[in-house]
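Just so you know, the sequences run in chain order A and B. The letter at position 120 of the first sequence is residue 127 when you use the numbering used here, and the numbering goes up by one with no holes. The letter at position 56 of the second sequence is residue 63 when you use the numbering used here, and the numbering goes up by one with no holes. All C-beta atoms in this analysis are idealised placements derived from N, C-alpha and C, irrespective of residue type, glycine included. All values derive from a computational prediction rather than experimental measurement.
Number of protein chains: 2
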Amino acid sequence: MSFIIIAPPVPTQKWKEELELIAPEIPLVIGTDTDNPDDIICAMVWKQKPGVLNRFKNLKLIFSMGAGVDHVLLDDSIPEHIPICRVVDPQMAFSMSNFVLMAVLNHHRSLYNYRKAQEKKHWAQFEFEERNLKIGVLGTGFLGMNVAKKLHALGFQVMGYSTSNKETPFPSYTGVEMDTFLSQINVLICLVPYTPKTEALLNYDLFKKLTQPTYLINVSRGSVQVERDILKALDEGILNGAFLDVFEQEPLSAESPLWQYSSVQITPHIASLTYPKESVRQVLECLNLVKKGLPLPNKVDRKKMY
Amino acid sequence: MSFIIIAPPVPTQKWKEELELIAPEIPLVIGTDTDNPDDIICAMVWKQKPGVLNRFKNLKLIFSMGAGVDHVLLDDSIPEHIPICRVVDPQMAFSMSNFVLMAVLNHHRSLYNYRKAQEKKHWAQFEFEERNLKIGVLGTGFLGMNVAKKLHALGFQVMGYSTSNKETPFPSYTGVEMDTFLSQINVLICLVPYTPKTEALLNYDLFKKLTQPTYLINVSRGSVQVERDILKALDEGILNGAFLDVFEQEPLSAESPLWQYSSVQITPHIASLTYPKESVRQVLECLNLVKKGLPLPNKVDRKKMY
């Protein structure tokens, strides 16, 4: 039995190192090239090309190397019987929550305005107040809930929206209550998975339903946002700024006007980093359960796409 | 009986509004000019000129309009028998902690590097890792403890130092253990009060005792830092950056080289904002206790200076 990693160089190298440390006895193939495709029982993938997994007739487990699985499911040739799992890692939640907190706090305390003042050597005392934030977390799954709970624990006013009912220490909305949720917030944190239902969700019509102006933070998937509409909403003052970590096309084209908006912060899809150590541990655990025919934690529902 | 506010215009206006709302029956004097100095029983002050309070022979309470009281105690003509109190406000802790968290998280996630990349329209994916922070809070009083506990709750490695022993869920140091504390941290958050003992505490000798390099966050008092030494430590790589909210001279002179250091963030002494509503409530409560001869909460120890 062998494992295979099909992913870009940066995660591949780190996962390889961890696997060699934890399970040195398991032969590991990097990339799709192998003379013994029938030996592969477990594939760790990130944006694999559709169809490449079909060579491995004895594949028992596919593991997404990130929290999102939309990239795996783009490949509709994967047989239904092979379980796809994703990493659900407290360290990843630490990473994501810190990133979102940073984005929220910089907005809360007008850091970008103070930056501009610093560039002019201007002592801008008493020029900016703390903003009174009403924070909405759209998508309170594993990562979104962690973000929402941390913001709530820090004393911020928080609301959540999820497709399923959630027990939360703050108001939570679900189903048809989306408009009610949107109307009450002035910071929108998007942490939904990418599915056909969430594609282009962050569009002009949605922005108009928010308290005006609202600050947008998207750390989910670029396909969830309509960048043309974000620009329009910024120009019209419907949005007063945005922190975007994901984009319709990645890397973001140098042609995009987003780069130059002073109220827009851009990071290159790094909000949540995966920690291979814990992920690799979960791969081995999952494979063990597969062999025993036991239920898998964090198995992806292919219909829901998360 | 009357109250008096002696402070710059910005806090004065807000405190005046709150006082008129909560205690409209109490005559209020703004500034030092009054025909009836003997009516004044309570003075709320921020950086009053030494000696100005001596006119008020019936003064029963002096209240500092901020968390620090060094500005009040500069005036050594204030009779010993008049109690000086300071505001201890959960809202102020909310404000201070958010500010410090912001400074820590921006450093943790290399936000300033991503800002520079954005200016060049450069997609800097995988170029910066999350920094492994060992955070030291120097001065775990009311505000410092709040900061330290929040960072600890978020999952960061935190250490505290205080002149007194503290029960904390993270390692705490006191007394002669300062060097041990300093040697273990790579983020130094300074929240000590300004006293003769803390004057120029943040100097080159202290920086050399830190893990190299360390990130410096000073949100206490400018007199606690030696800016010449901060510049030297930055130039030598002993410090890898600083977030400074306070300065030896405020406003910071346009001549200061600090403005232009790309690894230095400057804010104009706004880390912790006071919320007059709660402060004014505490003034009235204190005065009530003074009248009854009862012990005062948050009374300043003039020797300790906090």
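- Think of a sphere of 8 Å around the beta carbon of B/Gly162: the chain A residues whose beta carbon falls inside it are Phe101, in chain order.
- In chain B, no part has a C-beta under 8 Å from the C-beta of A/Val95; the shortest such distance is about 16 Å.
- DSSP places B/Ala131 in no beta strand (DSSP E); its state is neither H nor E.
- Per the coordinates, the alpha-carbon of A/Pro275 lies some 17 Å from the alpha-carbon of A/Met99.
- With three or more CB-CB distances shorter than 8 Å, the region 277-285 of chain A counts as touching the region 98-116 of chain A.
- Minimum Cα-Cα distance from A/Ala124 among the listed residues B/Val231, B/Pro258, B/Ala14 corresponds to B/Pro258.
- DSSP lists A/Ile11 as the beta-bridge partner residues of A/Val36.
- DSSP places A/Val307 in no alpha helix (DSSP H); its state is neither H nor E.
- Residue pairing for A/Met109: DSSP places it in no beta bridge.
- For the pair A/Asn225 and A/Leu251, the CB atoms are nearer than the 9 Å cut-off.
- For B/Arg93, the enclosing beta strand (DSSP E) covers residues 91-93.
- By the criterion of a C-beta distance shorter than 6 Å, B/Arg62 is surrounded in its chain by Pro44, once the five residues flanking it on both sides are discounted.
- Per DSSP, reduced to three states, the secondary structure at B/Tyr168 is strand.
- Scanning chain B for C-beta atoms nearer than 9 Å to the C-beta of A/Tyr121 yields Gln272, Ile273, Thr274, Pro275, Ile277, reported in chain order.
- Straight-line spacing of the CA atoms in B/Thr221 and A/Val94 works out to 33 Å.
- Listed in chain order, the beta strand (DSSP E) runs fully inside the region 251-290 of chain A are 271-273, counting runs of at least 3 residues.
- Interface with chain A (9 Å Cβ-Cβ cutoff): B/Phe106 is included.
- Put simply, the CB of B/Leu301 is far from chain A, with every gap to its CB atoms at 9 Å or more.
- Within the model, the alpha-carbon separation for B/Leu238 versus B/Tyr201 is close to 21 Å.
- Taking a C-beta distance under 9 Å as the contact criterion, B/Leu145 and B/Ala74 do not qualify as a contact pair.
- Taking a contact as a CB-CB distance under 8 Å, the pair B/Thr181 and B/Asn172 counts as one, their CB atoms being some 5 Å apart.
- The distance from the Cβ of A/Val59 to that of A/Ile13 is about 6 Å, consistent with a contact at the 8 Å cut-off.
- Within the region 163-251 of chain B, the complete beta strand (DSSP E) segments of 3 residues or longer fall at 164-169, 179-181, 194-197, 221-225, 246-251, listed in chain order.
- Under the 9 Å criterion on CB atoms, B/Arg228 is classed as non-interfacial with respect to chain A.
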